[in-house]
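Here the structure is laid out as structure tokens; the discussion comes afterwards.
2 protein chains.
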Amino acid sequence: MRPRNPLNIGAAARAMANFGFREMVVVAPYNPVWRETRSALGAEEIVTSARAVQSLVEAFGDASLVVGTTAGSRRNLDRDLLPLPDFPAWLRQRKAAGLVALLFGSEKTGLSNEHLSYCHALVRIPTVVDCPSMNLGQAVAVCAYELARAGLVPTRPPRLTVHLSDPTGAQSLDHLFGRAARVLDQVGYLKPKSRRATLLKLRRLILDLELTNHDAKILGGILAQIEWRILNGE
Amino acid sequence: MRPRNPLNIGAAARAMANFGFREMVVVAPYNPVWRETRSALGAEEIVTSARAVQSLVEAFGDASLVVGTTAGSRRNLDRDLLPLPDFPAWLRQRKAAGLVALLFGSEKTGLSNEHLSYCHALVRIPTVVDCPSMNLGQAVAVCAYELARAGLVPTRPPRLTVHLSDPTGAQSLDHLFGRAARVLDQVGYLKPKSRRATLLKLRRLILDLELTNHDAKILGGILAQIEWRILNGE
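Laid out in structure tokens, this is it:
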């Protein structure tokens, strides 16, 4: 998410390559940074084939699980943080796991509350209290190591694919969320002051439902129907 | 060991700080590199308080176990490589464990056979075959994470201290080794062609004995006596 240092992007790619991960997506990089990264001598193949996108939702593609990483020092929100050593077992327990996206914040600010609201879970790397914040490339290295250690390395196609059910992609969840937000707007549920916070909670709530594609379609249909009724009167 | 990039030294220190490790020793750094590292804006306390020494033996100080890190692609010698995830259990099983030094090679070349001959064990970070070699700072991060994960973080005094017996320090082992080498020279055991390889094996053999201080003193005394006899005739 919005990385600022070409060396860090390169280091993250190197760590991914070391442990067998291949698909990097860079969200909203500063243009000069991204140009420099890609033109660096000896840039990893992972970097040269990485996608750069403008929004988180684009980044997730059809990932059905999004897991954020945090030092956990601020912004814990109301959520439990999953210690990194417990992350593999948590992944294995998920029934709805399809593609999994692991999200890292920018060097300076980490992930914002809005970024975190896209995450099904937050993983905390167990750093010490008086020096919690890790270098980006090292955070990626440690997470990749933990997943590789547990045998959760993606096989080709280059992503972690565990098709156990019919999970919903992040994009269709985002459509559902947009639709729900519009309906809440139309019925006057969202107050200007609390609007932002309420929408973050709504996104969380929708994520927590762990909808299948089938569920998402049905819910989307219901919302469309509600919206139509509101706009067109009884 | 002979790091070449100030950023890597800084990154290694950062990772150490993240997981609660404090004592860094830099062996034979290039002078400009070391100056630049120490004067870097925001240098970690670990860097500013690090010792720079000229030889491996000085670096180990009174560490009684030296563990090298390797990608394991070349130079396996005749030794088993300990996968990093098994390292904490291995450490706990050691009866003679006092202070433990973890040794990282230089960025370009890793650890040489001579460096490896100082090591009681070699740890391999389980990277993938087609991209085995890790960035120095990331290798330190992953090793520090694994040790912290297992609860093997040093308490103050800032080193991993598990005083189970009366282990020999690296320096007194080195004296013993020097003495043994001299004796072998005097008796004509070392041939010019194989001298270097034989001495590496000798160092390994002495390490493998896992001598206590008491043992080392006795052996040292025996060797001194042999040397005296050789030099002074019967």
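Residue numbers (this note's numbering), protein chains in the order written: chain A, 1 to 234; chain B, 235 to 468.
We put the CB at the ideal spot given by N, CA and C, even for glycine.
Since the structure is predicted, the reported quantities are computational estimates derived from the model, not experimental observations.
Cβ-heavy atom distance, residue i to the ligand ADP, below 7 Å
i, result
"A382(B)", "Summarising the ligand content, the structure contains no ligands, and the ligand ADP is consequently not present."
Cβ pair residue i, residue j closer than 8 Å
i, j, result
"L103(A)", "M1(A)", "yes"
"A71(A)", "S117(A)", "no"
"R182(A)", "E114(A)", "no"
"N135(A)", "T168(A)", "no"
"A458(B)", "R413(B)", "yes"
"T432(B)", "L424(B)", "yes"
"P426(B)", "F255(B)", "no"
"L176(A)", "A216(A)", "yes"
"L65(A)", "R94(A)", "yes"
Minimum C-alpha distance to residue i - residue among the options
i, options, result
"V57(A)", "A12(A), A28(A) and P85(A)", "A28(A)"
"A474(B)", "G455(B), L441(B) and I456(B)", "One cannot answer for residue 474(B) here, as it falls past the ends of chain B, which runs 235 to 468."
"S340(B)", "R313(B), V374(B) and V363(B)", "V374(B)"
"V100(A)", "R204(A), A170(A), A197(A) and L176(A)", "A170(A)"
"L386(B)", "V267(B), L465(B), I456(B) and D320(B)", "D320(B)"
"L445(B)", "D408(B), L465(B), L418(B) and A431(B)", "D408(B)"
"Q288(B)", "R430(B), G276(B) and W268(B)", "W268(B)"
"I280(B)", "P266(B), T271(B), Y264(B) and E257(B)", "E257(B)"
"P83(A)", "T127(A), N31(A), L65(A) and L209(A)", "T127(A)"
"I218(A)", "S172(A), T48(A), G42(A) and V129(A)", "S172(A)"
"L436(B)", "C353(B), W324(B) and I464(B)", "C353(B)"
"K342(B)", "R238(B), A323(B) and L443(B)", "R238(B)"
"S112(A)", "L209(A), T69(A) and W90(A)", "T69(A)"
"A286(B)", "I464(B), L299(B), R272(B) and E278(B)", "R272(B)"
Chain D contact for residue i (CB, 8 Å cutoff)
i, result
"C365(B)", "Among the protein chains in the structure shown, which are A and B, there is no chain D."
Beta carbon proximity, residue i to chain A, threshold 8 Å
i, result
"P319(B)", "yes"
"A323(B)", "no"
"A415(B)", "no"
"V362(B)", "yes"
"N369(B)", "yes"
"R429(B)", "no"
"R236(B)", "no"
"L394(B)", "Note that L394(B) scores a pLDDT of 42, beneath 50, so its modelled location is shaky; the value from the coordinates is reported in the next line. No - not a single Cβ of chain A is within 8 Å of the one on L394(B)."
Test: residue i CB closer than 8 Å to a CB of chain B
i, result
"M24(A)", "no"
"F19(A)", "yes"
"A52(A)", "no"
"Y145(A)", "yes"
"A141(A)", "yes"
"R14(A)", "yes"
"Q138(A)", "yes"
"A11(A)", "yes"
"A148(A)", "yes"
"G220(A)", "no"
"N8(A)", "no"
Nearest-angstrom Cβ-Cβ length linking residue i and residue j, presumed shorter than 8 Å
i, j, result
"A260(B)", "A284(B)", "A quick correction: the sequence has Val, not Ala, at residue 260(B). Yes, they are in contact, since the Cβ atoms of V260(B) and A284(B) sit about 6 Å apart, within 8 Å."
"A148(A)", "F60(A)", "Contact doesn't hold; Cβ gap of about 22 Å is too wide."
"G137(A)", "Q372(B)", "6 Å"
Is the number of C-beta pairs between the region 357 to 366 of chain B and the region 4 to 11 of chain A that are closer than 8 Å three or more?
no
Counting pairs of Cβ atoms below 8 Å between the region 141 to 150 of chain A and the region 11 to 23 of chain A, do you hit three or more?
Three or more beta-carbon pairs drawn from the region 141 to 150 of chain A and the region 11 to 23 of chain A are found closer than 8 Å, and the two stretches are therefore classed as touching.
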